[in-house]
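Structure first, then comments.
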Amino acid sequence: MAMRARRCAYLVVIAWLAASPVSAAAADTDEGLRARLRRVEAAFRQGDAAALRGCFSDRAKVRVELSDLTEGRGLYGAGQLQVIFARIFEQRHTRSMSFPQADIRIPAAGTAFARALWVHAGARDGDERTDTLMLTLQAERGDWRIIEMRSAR
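Count along the sequence shown from 1, then add 3; that gives the number in our numbering.
Shown next, in the form of structure tokens:
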């Protein structure tokens, strides 16, 4: 039942992202948001958990749910996420990570949603996987910070 509800929630978010043309124009003009997403991409490509830490909110716990990579859903501080992502990047090597412009939305002032494709492989076995990462970002002190990160396959 919980899995069905989670899938339904992902589908709702994906449908909402696809149906929001006005917010796409706002995302085009927000260079600060694009710069933040480029830093997230670079941190994943380089396996740099310390760089990724700076992308997370430092004012609130970040909700994270990464299928098969974390122990379910949790709320974490930026320092905790640095440790978690150091372990993830040690186990999984990023082959590609990108946020297509069409998958970035700003539905309201101070809130943004972005969807990325993350292709990664196991450090030991080389098994390649593709995850869709859904990020919610919030404006904090003139910059954008991640407040939620979820994966879907």
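Using N, Cα and C, we set each Cβ at its ideal position, and we do this for glycine too. Keep in mind it's a predicted model, so treat the numbers as computed, not measured.
Per DSSP, R62 lies in no alpha helix (DSSP H) segment and is marked neither H nor E.
When secondary structure is reduced to three states using DSSP, A81 falls in the helix class. CA-to-CA, the gap between M152 and G129 works out to about 24 Å. In this structure, L36 keeps its C-beta atom at 8 Å or more from the C-beta atom of W121. When the five nearest sequence neighbours on each side are left out, the beta carbons in the same chain lying within less than 7 Å of the beta carbon of I91 are those of L72, in order along the chain. If you check the CB distance, S101 and E34 do not come in under 8 Å.
DSSP lists R108, T139 as the bridge partner or partners of F116.
In this structure, R39 lies near L140, with their beta-carbon atoms less than 8 Å apart. Relative to the Cα of A155, the nearest Cα in the group T133, I149, A142 belongs to T133. By alpha-carbon distance to L138, the top candidate from A126, E131, I149, I109 is I149.
In the structure shown, E74 falls within a coil segment according to DSSP collapsed to helix, strand and coil. Under the DSSP definition of a beta bridge, E44 lacks any partner.
The beta-carbon separation of R42 and C58, rounded to 6 Å, stays under the 8 Å limit for a contact.
Counting along the chain, D146 sits inside the beta strand (DSSP E) bounded by residues 146-155.
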